[in-house]
Amino acid sequence: MLLVQYADLKVDLAGQIARIASFLDISLTDRLLAEVAAVADFQAMQRDGGALLPHQAKVFVEGHRSFLNKGVG
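The letter at position 54 of the sequence shown is residue 781 when you use this note's numbering, and the numbering goes up by one with no holes.
Here it is, written out as structure tokens:
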């Protein structure tokens, strides 16, 4: 089991992604790591939330906008 804390993701997203990949024995090139970090960034998830979380509209009043509200923790 690997524990990942939100605060650590906020401080060093790419480093935490590399840590998760290593734990899962997944090899990442620097380029792929940068691409994954770019789309996993909170602002990118907010921007693309409608496509990433289409069913959130059934759970939250404002759908993904409520679910991905501020990104602070």
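We put the CB at the ideal spot given by N, CA and C, even for glycine.
Bear in mind that the values here come from a model prediction, so they are computed numbers and not experimental data.
Taking all protein chains in view, the Cβ of L751 is surrounded by fewer than 16 other Cβ atoms within 10 Å, so the residue is classified as exposed. Its chain contains L760, V763, A764 and A767 as the residues whose beta carbon lies nearer than 7 Å to that of I744, once the 5 sequence neighbours on both sides are disregarded; these appear in chain order. For M772, the secondary structure class from DSSP, reduced to helix, strand or coil, is helix. Exclusion of the five residues before and after D735 leaves Q743 as the residues of its chain whose Cβ lies within less than 7 Å of its Cβ.
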